[in-house]
């Protein structure tokens, strides 16, 4: 009992204010999925043709899962699952901007990838289990635009991820505040 009290006393002030369990769970599942999906997408251009379709299948299936988890995550966030940030105005603006852009690109990237795949004439077969209905079907005139949006979104997302990680480490290591505890 004493060890638990000592541990709680060493946590930064405000560490008890945490995001909802659903938001924390969705955050970490999406993070793991993106950290798996992003490199898979990058590797597709370098793998042998005989396994390329397998890489596409896993990449697209994981990406589609990210999309649905992000929609759930957005719903949780909008219904009060997030703790309000207590910080100076400029930090709130920076944090809310980066979070908003992360949400935007974590939705835009899988949507554009899904639509690009469909537009190129390849319906998504989610983990090989079933074919996902295509809202656009084969549409070659927009396929390359959608692919470009998907690729650019991936690079922008990587930059936003780096900013997000740097801010989390700054708050945890330099400021030693409770920011990181809210999502753990």
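Numbering (this note's numbering), first residue to last: 62 to 245. Just so you know, even glycine gets a beta-carbon here, dropped at the ideal spot from N, CA and C. Just so it is clear, the structure is predicted and the values come from calculations on it, not from any experiment.
Close-in-space but distant-in-sequence residues of the same chain around residue 227 (CB under 8 angstroms, 5 per side omitted): none
Which listed residue (231, 78 and 204) has its alpha carbon closest to that of residue 179: 204
Residues sharing a beta bridge with residue 186, DSSP: Beta-bridge pairing links residue 186 to 192.
Where residue 268 falls: helix, strand or coil (DSSP): One cannot answer for residue 268 here, as it falls past the ends of the chain, which runs 62 to 245.
Contacting residues, own chain, Cβ-Cβ under 7 angstroms from residue 234 (five flanking each side not counted): none
Residues of its chain near residue 215, where Cβ-Cβ distance is below 7 angstroms and the 5 sequence neighbours each way are ignored: 99, 102 and 170
Inside the stretch 86-157 only - alpha helix (DSSP H) runs reaching at least 4 residues: 110-137
Contacting residues, own chain, Cβ-Cβ under 8 angstroms from residue 125 (five flanking each side not counted): 171, 175, 185, 187 and 193
Rounded distance between the beta-carbons of residue 87 and residue 130, thought under 8 angstroms: With a Cβ gap of about 6 angstroms, residue 130 and residue 87 count as contacting.
Contacts around residue 123, its chain only, beta-carbon distance under 8 angstroms, and the 5 residues preceding and following it disregarded: These residues qualify, in order along the chain: 94, 97, 98 and 101.
Coarse secondary structure for residue 200, derived from DSSP in three states: coil
Closest by C-alpha distance to residue 119, when choosing among 167, 105, 110 and 109: 105
Buried versus exposed, by CB contacts within 10 Å (16 or more), residue 137: buried
Residue 202 versus 92, 212, 181 and 210, residue with shortest Cα-Cα distance: 181
Option nearest residue 83 by Cα separation, candidates 117, 109, 239 and 144: The candidate whose alpha carbon is nearest that of residue 83 is 144.
Given residue 173 as reference, the closest of 225, 117, 113 and 209 once Cα atoms are compared: 209
Residue-chain proximity (residue 183, chain B), Cβ-Cβ < 8 angstroms: Although the question refers to chain B, the structure presented lacks it and comprises just one protein chain.
Between the CA atoms of residue 211 and residue 200 - distance to the nearest angstrom: Pairing residue 200 with residue 211, the inter-Cα distance amounts to about 16 angstroms.
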